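First the structure, in the form of structure tokens, and then the observations on it.
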Amino acid sequence: MAAGASALAGASSLEAQSEKPIRLAIIGTGNRAKAHLAILKSLPGYQVVALADPTPANLDQAATMAPGAATYADYRKMLAERKDIDAVVVITPSFLHAEVAVAAFEHGLPVLC
15 MAAGASALAG ASSLEAQSEK PIRLAIIGTG NRAKAHLAIL KSLPGYQVVA
65 LADPTPANLD QAATMAPGAA TYADYRKMLA ERKDIDAVVV ITPSFLHAEV
115 AVAAFEHGLP VLC
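In this text, residue positions in the sequence shown follow this note's numbering: the first is 15, and each later residue adds one.
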């Protein structure tokens, strides 16, 4: 996770030049997502605009950490509907990363796993 935070922090300096936040979608909102969301909230230049998880309790809890983010039970629906996403952060169980990442790539989105 530290490498991911470093990558996002490095991108933040580039983003700060334009002052437009990078709009992120989080796919997978279980326990690991809480740590990711806490870090993202502390980094300037990022905005979580959408969350996806099939588990309602996880999704509801993550939504409290990302006020204003739209919530989806199906990440495929989120990727199809949302045109304002700049990048996707995949925080699903490892065996699901490939399927989710490929779906995001098919929508032309960069992915952090």
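All residues carry an ideal CB built from backbone N, CA and C; glycine is no exception.
Note that the coordinates shown come from a computational prediction; the quantities given were computed from them, not determined experimentally.
Asked, Found
"Mark D67 as exposed unless 16 or more other C-beta atoms lie within 10 angstroms of its C-beta, in which case mark it buried.", "buried"
"Taking only the alpha-carbon atoms, compute the straight-line gap between A87 and G122 and give it to the nearest angstrom.", "21 Å"
"Among I53, A76 and E120, which one has its Cα closest to the Cα of N45?", "A76"
"Where does L54 land, buried or exposed, given buried means 16+ other C-beta within 10 angstroms?", "buried"
"Is the beta carbon of Q61 less than 9 Å from the beta carbon of R37?", "yes"
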